[in-house]
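2 protein chains.
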Amino acid sequence: MPKRTTHENASCPVARPLDLIGDGWTLLIIRDALEGVTRFGQFQKNLGLAKNILSARLHALVSNGMLETIPATDGSSYQEYVLTEKGRALFPVIAALRQWGDAYLFDDDEVRARLVDRESGRPVARVEVLAEDGRILGPETTAVTMAAGRPAG
Amino acid sequence: MPKRTTHENASCPVARPLDLIGDGWTLLIIRDALEGVTRFGQFQKNLGLAKNILSARLHALVSNGMLETIPATDGSSYQEYVLTEKGRALFPVIAALRQWGDAYLFDDDEVRARLVDRESGRPVARVEVLAEDGRILGPETTAVTMAAGRPAG
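Protein sequences appear in the order of chains A and B.
Numbering-wise, the first sequence is residues 1 to 153 according to this note's numbering.
Numbering-wise, the second sequence is residues 1001 to 1153 according to this note's numbering.
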């Protein structure tokens, strides 16, 4: 394995998140949380992860401000893990990754999990990068520039 | 480190990609390729990666059909690495991750790399998950269901 490198001082906002979600399990915990999983046992069952590893990942997600713990909604002594705004904001990232996996890593007739609009029951639209005026953008019609300040939108 | 697990048989299209891009360096190689980097030396300079590690990552990306090698466009004996359609299709994933990093992992006044529309010079719009009719969707207005067949769109 290569030496673990930190990207915390990177000026690239693609690199910095890798310290937080570069571990694949972390992304799958967020995926499950977005689908409503809140209990340690549920995460463990879904992910098939050893307790100590899952515990460390959940703890890191709380430390990083992506999950928070609340008392169990059923009044039991368990605690539940719920996404913060920061954690929830990964929804488009995970949806885009899901569509990429769906398009390129499955055989045509293979059954796979798919994200659908609850109202229509139809798959969500393809996640695209758009200009302010709605044009669909790609690598050739965009550029990366250095800037300070809060992002637009 | 936890035992390396393969997700190749997962029915979740968020999990399967982790075998291919779960390694953070791989995602940063794709990021650079999307910005037009094609040469081994350029990747190495940008990423600060040891040659043997970079070489292994590039080789895996070629094996996985995300990059292909072509003779150097300047007629030299070098080869260049260019994205396939499958590799290019990660553009929305990386753009969404970039916006998340920009929004949550930088101080307000910190300088960071930002994706802009070449035509207007303005930041790209926030990447959103949309319904077919254009409604913005979130975790509460979507569901994950099992389905076979090619994705829509």
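Using N, Cα and C, we set each Cβ at its ideal position, and we do this for glycine too.
By how many angstroms is the C-alpha of residue j removed from the C-alpha of residue i?
{"i": "K1051 (chain B)", "j": "Q1044 (chain B)", "result": "7 Å"}
{"i": "D1133 (chain B)", "j": "V93 (chain A)", "result": "21 Å"}
{"i": "S1119 (chain B)", "j": "P139 (chain A)", "result": "One detail in the question is off: residue 1119 (chain B) reads as Glu in this sequence, not Ser. So the two alpha carbons sit approximately 13 Å from each other."}
{"i": "A1010 (chain B)", "j": "I1029 (chain B)", "result": "25 Å"}
{"i": "T5 (chain A)", "j": "G75 (chain A)", "result": "42 Å"}
{"i": "I1136 (chain B)", "j": "V124 (chain A)", "result": "10 Å"}
{"i": "M1001 (chain B)", "j": "L61 (chain A)", "result": "Only weak support is given to the placement of M1001 (chain B): the predicted model assigns it a pLDDT of 42, under 50, and the question is left unresolved by the model."}
{"i": "F106 (chain A)", "j": "H1059 (chain B)", "result": "22 Å"}
{"i": "I1021 (chain B)", "j": "Y78 (chain A)", "result": "35 Å"}
{"i": "L1054 (chain B)", "j": "Q1042 (chain B)", "result": "11 Å"}
{"i": "R1057 (chain B)", "j": "L67 (chain A)", "result": "32 Å"}
Starting from the Cα of residue i, find the closest Cα among the options and give me that residue.
{"i": "R196 (chain A)", "options": "A:E80, A:M146, A:Y104, A:D102", "result": "Since the first residue shown for chain A is 1 and the last is 153, residue 196 (chain A) is missing from the structure and cannot be characterised."}
{"i": "G1121 (chain B)", "options": "A:R126, A:V144, A:L28, A:A125", "result": "A:V144"}
{"i": "C12 (chain A)", "options": "B:E1085, B:F1091, B:G1101, B:G1048", "result": "B:G1101"}
{"i": "F1091 (chain B)", "options": "A:A148, A:R126, A:E35, A:E8", "result": "A:R126"}
{"i": "M146 (chain A)", "options": "B:T1142, B:E1128, B:E1110, B:M1146", "result": "B:E1110"}
{"i": "A1089 (chain B)", "options": "B:L1027, B:H1007, B:Q1042", "result": "B:L1027"}
{"i": "A95 (chain A)", "options": "B:E1128, B:L1049, B:T1069", "result": "B:E1128"}
{"i": "G1036 (chain B)", "options": "B:G1087, B:D1108, B:R1112, B:A1103", "result": "B:G1087"}
{"i": "T84 (chain A)", "options": "A:L97, A:N64, A:A103, A:P71", "result": "A:N64"}
{"i": "L47 (chain A)", "options": "B:A1015, B:L1130, B:D1107", "result": "B:A1015"}
{"i": "A148 (chain A)", "options": "B:V1116, B:A1148, B:R1112", "result": "B:R1112"}
{"i": "T142 (chain A)", "options": "B:T1142, B:A1131, B:V1116", "result": "B:V1116"}
With 8 Å set as the bound, which would you pick, yes or no: does the beta-carbon of residue i sit closer than that to a beta-carbon of chain A?
{"i": "S1011 (chain B)", "result": "yes"}
{"i": "A1015 (chain B)", "result": "yes"}
{"i": "S1063 (chain B)", "result": "no"}
{"i": "T1142 (chain B)", "result": "yes"}
Within the 8 Å Cβ cut-off, does residue i reach chain B?
{"i": "T145 (chain A)", "result": "yes"}
{"i": "P2 (chain A)", "result": "Note on P2 (chain A): pLDDT 46, under 50, position unreliable in the model; no value is reported."}
Say whether chain E places a C-beta atom closer than 8 Å to the C-beta of residue i.
{"i": "E1128 (chain B)", "result": "This model lacks chain E altogether; the protein chains it does include are A and B."}
- Message: Which residues of the segment 29 to 59 of chain A have a Cβ closer than 7 Å to any Cβ of chain B? Give them in chain order.
- Response: R31, L34, E35, I53
- Task: For the segment 1067 to 1101 of chain B, enumerate the residues whose C-beta is nearer than 7 Å to any C-beta of chain A, in chain order.
- Result: K1086, R1088, A1089, L1090, F1091, P1092, V1093, I1094, A1095, A1096, L1097, R1098, Q1099, W1100, G1101
- Item | Minimum length 3: unbroken beta strand (DSSP E) runs contained in the segment 1045 to 1133 of chain B | 1067 to 1071, 1079 to 1083, 1112 to 1117
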